[in-house]
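Per UniProt numbering, the very first residue in the sequence shown carries number 1; after that it's consecutive. Remarks on the structure that follows.
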Amino acid sequence: MSTPTPKPPITCHILDTTLGRPAPSIPVTLTLHNPSSQSTPSSTTTPLKFTATTNTDGRVTAWTPATPFSTLSLQDVYTAQAGDARFSLTFDTGAYFEQRGIDAFFPEVVCRAESFEYCTVGGLFVGPGRDIWGKGELGDA
Numbered sequence: 001m002s003t004p005t006p007k008p009p010i011t012c013h014i015l016d017t018t019l020g021r022p023a024p025s026i027p028v029t030l031t032l033h034n035p036s037s038q039s040t041p042s043s044t045t046t047p048l049k050f051t052a053t054t055n056t057d058g059r060v061t062a063w064t065p066a067t068p069f070s071t072l073s074l075q076d077v078y079t080a081q082a083g084d085a086r087f088s089l090t091f092d093t094g095a096y097f098e099q100r101g102i103d104a105f106f107p108e109v110v111c112r113a114e115s116f117e118y119c120t121v122g123g124l125f126v127g128p129g130r131d132i133w134g135k136g137e138l139g140d141a
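Right, here's the structure in full:
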C-alpha cells in the first residue's frame, strides 16, 4: 500500500466563474521574497520560487523548485522559515483565457501574504472581465 503524498504547506484552488467549474492548467508561481539563511546561500538575497499548474480540479497539490541555486522542497523552506515570511502567489490567468480564445482584463493576478504561521490556501475566482475575487484561508497545518 502506497503512502499518500503529504499536502504542501501552501496550496491554492481556482474556480472559473464563467463556466461554474474549476480552472485547470493555470500556471502558478509561489515566490518567497525574504528567504531565511537556512534556505539560501549566504551570498544571495534572491527570492525563492516554486512553480505549479492547477490540476483538473483547479488545485495546486505539489510545487517544483524553480530557483537555480536551491533544490529545497517547499516543506523544507516552510520549516526553515519559522513563520516569518513574505510570499506571493502569481496566477497566469492570461494564458488560461488565451487557450479559450478570450482576452483577459487581468492577464496576471498576484496575491501577497506576510506569514507562514498557518497552512495557507489561496482561493481565486476568475473570469475574463473586470471582476476577480480572492479568498484566503488560514488554519492549522
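Yeah, the Cβ is synthetic: ideal placement off N, Cα and C, and Gly gets one too. Just so we're clear, the structure is a prediction, and the values are computed from it rather than from any experiment.
Beta-carbon contacts of residue i that lie in its chain and below 6 Å, excluding the five residues immediately before and after
{"i": "N34", "result": "R86"}
{"i": "D131", "result": "Annotation note: pLDDT 47 at D131 (below 50); position unreliable, no value reported."}
{"i": "S36", "result": "A80, Q81"}
{"i": "T67", "result": "L48, K49"}
{"i": "T71", "result": "P65"}
Integer Cβ distance of residue i from residue j, believed to fall under 8 Å
{"i": "I10", "j": "V126", "result": "19 Å between Cβ atoms; not a contact."}
{"i": "N55", "j": "T46", "result": "Going by Cβ atoms, the distance from N55 to T46 rounds to 29 Å, so no, they are not a contact pair."}
{"i": "V109", "j": "F91", "result": "4 Å"}
{"i": "A104", "j": "T93", "result": "5 Å"}
{"i": "S88", "j": "R112", "result": "5 Å"}
{"i": "D57", "j": "P22", "result": "5 Å"}
{"i": "W63", "j": "P8", "result": "6 Å"}
Same chain only: Cβ atoms within 7 Å of residue i, ignoring 5 sequence neighbours per side
{"i": "G114", "result": "Note that residue 114 corresponds to Glu in the displayed sequence, not to Gly. Counting only Cβ-Cβ distances below 7 Å, and skipping sequence neighbours, we find R86."}
{"i": "P4", "result": "none"}
{"i": "T17", "result": "F125, V126, G127"}
{"i": "A95", "result": "P27"}
{"i": "P24", "result": "T54, N55, T56, G58"}
Sequence-distant residues of its chain with Cβ nearer than 8 Å to residue i (five each side left out)
{"i": "Q75", "result": "P6, P8, P9"}
{"i": "Q99", "result": "S25"}
Self-check item: In chain order, each beta strand (DSSP E) run of at least 3 residues that lies wholly inside the UniProt domain "Transthyretin/hydroxyisourate hydrolase" (10 to 112)
Solution: 10 to 16, 27 to 32, 48 to 53, 84 to 91
Quiz item: Can we say the region 12 to 30 touches the region 50 to 60, given the rule of at least three CB pairs closer than 8 Å?
Solution: These segments touch.
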